[in-house]
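For the sequence shown, the working numbering assigns the number 46 to the initial residue and increments by one for each residue that follows.
Beta carbons: idealized from backbone N, C-alpha and C, even for Gly.
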Amino acid sequence: MKQEKKVYDCAVIGGGAAGLFGAVWLARKGLKVIVIEHTKKVGTKILQTGNGKCNFTNMKLDYTCFQSGNEKQVMEVVNRFDNRAAIEFFESVGVYHRERNGYVYPHSDTALSLQNGLRMEIEKQKVRLSTEFETKKIVYCDNVFEIISDSYTYYADTVLLATGSKAGPKTGSDGSGYIMAESLGHHIIKPLPALVQLVSKDKECRLMAGVRSTGRIVLYVDGEAVSSDIGEIQYTEYGISGIPVFQISRYAVKALDMGRSVSVTIDMLPDYTYEYAKEICEKGIACFPDKNVEQFFEGIINKKLVSAVAGRCKISASGKAKDLGSRELFKCVEMFKNYRVNIDGYKDFDNAQVCQGGVPLDEIDTCSMMSKIKPGVFFAGELLDVDGKCGGYNLQWAWSSAAVAAHGVEEYLKNKKV
């Protein structure tokens, strides 16, 4: 039987955050929209954001929140649909918010409510969903785009590519969008993990495994400081994790991929100056001369960290303060304030929250999110070479780029019909 050639105004390829958001905006503009998703369900990755609580934007929103190398272009898009606009949109679908130190979450504290808000609005706006559809190629023929699988073809006047990246492949982000973009003439900046754990072969990692402790971390590439952050650092058998590590990981991963030398220093006592820590140490020697090294410092720092530092300083953790004296104990203090970890690698895409790399913004008209190479093709979300820091910025990029793309599609179709 011959397939009926129904032509949609826009085919959104990818049923993640950006794809669903863009589809809602397109449908609200009165356009006929289809969302094409290659997995069984849409919006799966949303459920994993913010440890299931879905930090969907942030009240602090400026160029320092993004790490793409094209921050000016990123902010041109974000300023067209900012955090306030995102909050207002989700209220329009019944999802209210709460704020904690600038971080914005659904008031329910669950990502499911935000996913359901999008899903129900998709239904309300009568957007067609086509799941388990493997797009093999996209071609432009007879003035329409053909989205082709092995068994079926959809037709549309425009295409919005919102397929995600390679981060979290179990949620459907398998990198297939890069192949589609390349087939349409775009270049792809090599995708690499971002917001990811860092791996070290240092033997002390096993001693510190399981500890969560506040610290200031500074990343060095070929001996030069390039990034820093502060917060709860997680020490693991394989290396280091935690939000501060994620925040600097983009630069570490990029440098390692280029074969450069990477290390970090951690200030394990960021709220103490070196002089104040020494003063505490001196008082301790006078008051607690019979305490061993672990006991001596455990009032201010986790004893696992003490053991690792003592070992690095070649000091016995069982040695008594009165026998070691201030000079040896000051060595520990110095290292607490400046503990070096050599970085040898990073976790893979399965563990990464987002990717760096993808379609370069230079190939996109950021006023409309339309391709400069293939008119009628629009982009949104993580497929582009944009990655934000932890804190709701990657979802804000999804909302902003999708909303701007929806407006771009509307304007393109108006001009096409003239």
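Secondary structure at V241: coil, using DSSP grouped into helix, strand and coil. Beyond the five residues adjoining it in sequence on each side, T198 comes within less than 6 Å, by CB distance, of E191 in the same chain, given in chain order. At a cut-off of 3 residues, the continuous stretches assigned as beta strand (DSSP E) that sit fully inside the segment 219 to 291 are 234 to 239, 257 to 266, 269 to 280, 284 to 286.
In the DSSP assignment, D312 falls within the beta strand (DSSP E) that extends over 307 to 312.
For the options L252, L264, K419, the alpha carbon positioned closest to that of K348 is the one of L252. In the DSSP assignment, the residues bridged to S175 are I81. By the C-beta density criterion, R295 is buried, having at least 16 other C-beta atoms within 10 angstroms. Between L240 and V399, the CB-CB gap stays under 8 Å. For Q160, the enclosing alpha helix (DSSP H) starts and ends at 156 to 169.
Annotated three-state conformation of P214 is helix, per DSSP. Around V52, the same chain offers V189, Y200 as residues with beta carbons nearer than 6 Å, after the five sequence neighbours per side are excluded. The count of Cβ pairs closer than 8 Å, one atom from the segment 145 to 164 and one from the segment 88 to 105, reaches three, so the stretches are in contact. Taking a cut-off of 8 Å on C-beta distances, the segment 423 to 431 does not touch the segment 126 to 135, as fewer than three cross pairs fall below it.
Straight-line spacing of the CA atoms in C377 and E116 works out to 41 Å.
Pairing G209 with K86 gives a Cβ-Cβ distance that is not under 8 Å. Rounded to whole angstroms, the gap between the alpha carbons of A300 and S306 is 7 Å.
With contacts defined as CB atoms closer than 8 Å, V454 and L206 fail to qualify as a contacting pair. Annotation for F135: the continuous alpha helix (DSSP H) segment containing it runs 128 to 137. Residue burial annotation: R164 is buried, with at least 16 other C-beta atoms found within 10 angstroms of its C-beta. Taking every protein chain shown into account, the CB of S286 has 16 or more other CB atoms within 10 angstroms, so this residue is buried. Taking every protein chain shown into account, the CB of C55 has 16 or more other CB atoms within 10 angstroms, so this residue is buried. Exclusion of the five residues before and after R143 leaves Y150, H152 as the residues of its chain whose Cβ lies within less than 6 Å of its Cβ.
Burial check for H232: the Cβ neighbour count within 10 Å stays below 16, so the residue is exposed. Note on the segment 414 to 449: whole beta strand (DSSP E) runs with a minimum of 3 residues are 422 to 424, in chain order. With respect to the 8 Å criterion, V78 and V172 are classified as neighbours on the basis of their beta carbons.
By alpha-carbon distance to H83, the top candidate from E166, D393, T216 is T216.
Around the CB of C332, fewer than 16 other CB atoms lie within 10 Å, so the residue is classed as exposed. Around the beta-carbon of D202, 16 or more other beta-carbon atoms lie within 10 Å, marking it buried. Counting every other CB atom within 10 Å of its CB across the protein chains shown gives V184 a total below 16, marking it as exposed.
Contact between the segment 376 to 395 and the segment 307 to 323 is established, with three or more Cβ pairs separated by less than 8 Å. Excluding its 5 nearest sequence neighbours in each direction, A226 has C-beta neighbours in its own chain below 6 Å: V404, listed in chain order.
DSSP places R385 in the strand class (E or B) of the three-state scheme. Per the coordinates, the alpha-carbon of I58 lies some 12 Å from the alpha-carbon of K181. In the DSSP assignment, D410 forms a beta bridge with M415.
Per DSSP, reduced to three states, the secondary structure at V184 is strand.
Residue range 198 to 206 is occupied by the beta strand (DSSP E) that includes V204.
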